[in-house]
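So for the sequence shown, the working numbering puts the first residue at 276; every next one is plus one. For every residue, glycine included, the Cβ atom is placed at its ideal position computed from N, Cα and C. Structure first, commentary second.
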Amino acid sequence: MREVLDGIVNRNKLIERSFEYFWNCYDDYLTDDITKDESREYGLIDRSSVTPKLYGYSYCVTSTYEFDTIKVYLDIFRKNEEKRFAEYWIIYNIDGEVIDDFFVTE
């Protein structure tokens, strides 16, 4: 099963794409009227304020969707901090199409 999952992830470039989607989401978080004040309170002003790191990915069978999915998880660290500040995860179908994503501060 691991080889099949790795094949889907690699073939569809899910890790690389997840970082791209994260940066788009993060840029929106910094500039959106609803969240830009919150981002400033956390000391987040630009892309150099955080470091995303791959936590992992998993094959998911859930009751939320009527199909199987793959989740890619990123841990987000503020500059010069070792404790995770936020999480980003993105859900793909097994064909590599984006279903949903989440950016959650702790």
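In this structure, does DSSP put K281 in helix, strand or coil?
What you label residue 281 is simply residue 6 of the sequence shown in a count that begins at 1. Looking at the sequence provided, one finds Asp at residue 281 rather than Lys. The answer is helix: DSSP assigns D281 an H, G or I state.
Just list the residues that DSSP pairs F378 with in beta bridges.
Indexing the sequence shown from 1 puts residue 378 at position 103. Note: F378 sits in a beta bridge opposite Y363.
Give me, in chain order, the residues of the same chain whose beta-carbon lies closer than 7 Å to that of V379; leave out the 5 immediate sequence neighbours on both sides.
Here residue 379 refers to the residue found at position 104 of the sequence shown. The residues are A361 and E362.
State the start and end residues of the unbroken beta strand (DSSP E) segment that holds I351.
Start at 1 with the first residue of the sequence shown, and residue 351 comes out as number 76. Looking at the DSSP string, the run of the beta strand (DSSP E) that includes I351 is T344 to R353.
In its own chain, which residues sit with a C-beta less than 8 Å from the C-beta of E291, not counting the 5 before and 5 after it?
One-based indexing of the sequence shown puts residue 291 at position 16. Closer than 8 Å at Cβ, skipping near neighbours: no residue.
Relative to the C-alpha of I351, which candidate in F377, I345 and Y367 has its C-alpha closest?
Residue numbering aside, residue 351 sits at position 76 when the sequence shown is read from its first letter. Of the listed residues, the one whose Cα sits closest to I351 is F377.
On the three-state DSSP scale, how would you describe K311?
Locating residue 311 in the sequence shown gives position 36, counting from the first residue. Residue state, collapsed to three classes: helix.
By Cβ distance, which residues of its chain are closer than 6 Å to E357, with the 5 residues on each side in sequence left out?
On the sequence shown, residue 357 is found 82 positions in, with the first residue counted as 1. The answer is none, since no qualifying residue turns up.
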